[in-house]
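Peer 1:
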Amino acid sequence: MLLTTDWLRARHRESQREEKLITTTAPLRYDFDRFTFISRQVRQGSRLRLVIAPLNSIHVQKNFNSGGAIASQTMADARPVNVRLFHDRRHPSALYVPLGQPAK
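Heads up: the sequence shown is residues 7 to 110, going by my numbering.
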């Protein structure tokens with residue numbers, strides 16, 4: 007059951023107004039905080055799954071990972087990208103889920 011979605015282009019990880027290309031292989035922070043949650047009652051003890059995947063949708067501009075101007079990129083500019091997700095003691099991650107009052 008899908009509860010919500012959010013996405014972020016890496017060059018806009020710090021600001022939606024200013025692009026900042028990635029120039030390092032060091033871990034970088036990405037905050038996904040524009041969720042619009044769908045109201046659902048989830049049973050106690052249920053598991054929630056966070057899915058991190060590349061965005062491939064006809065509804066969103068395709069990311070060809072070239073670092074060029076987004077509006078003028080084409081398939082000819084495309085290049086592969088490797089995404090590494092760090093989740094350990096040195097690089098903690100957290101998922102905060104807003105909770106309402108239990109149903110009576």
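Positions of the beta carbon are idealized from the N, C-alpha and C atoms, including for glycine. Source: prediction; values computed, not measured.
List, from N- to C-terminal side, the alpha helix (DSSP H) runs of 4 residues or more that fit wholly inside the stretch 19-71.
Peer 2: Counting only runs of 4 or more, we get nothing.
Peer 1: Can you list, in chain order, the residues of its chain with a C-beta nearer than 7 Å to that of residue 104? Leave out the 5 residues immediately preceding and following it.
Peer 2: Looking up residue 104 in the sequence shown gives position 98. Excluding sequence neighbours, residue 104 sits near 43.
Peer 1: So for residue 17, helix, strand or coil by DSSP?
Peer 2: In the sequence shown, residue 17 corresponds to position 11, counting from 1. Three-state result, residue 17: helix.
Peer 1: Between the Cα of residue 58 and those of 31, 24, 36 and 74, spot the shortest distance and give me the residue it belongs to.
Peer 2: Within the sequence shown, the letter at position 52 stands for residue 58. Checked all of 31, 24, 36 and 74; the closest Cα to residue 58 is 36.
Peer 1: Please identify the residue among 73, 92, 93 and 78 whose C-alpha is closest to the C-alpha of residue 86.
Peer 2: In the sequence shown, the residue the question calls residue 86 occupies position 80. Ranking 73, 92, 93 and 78 by Cα distance to residue 86 puts 73 first.
Peer 1: Quick one: residues in its chain with C-beta nearer than 6 Å to the C-beta of residue 92, no 5 flanking neighbours on either side, listed in chain order?
Peer 2: Counted from its first residue, the sequence shown places residue 92 at position 86. 33, listed in sequence order.
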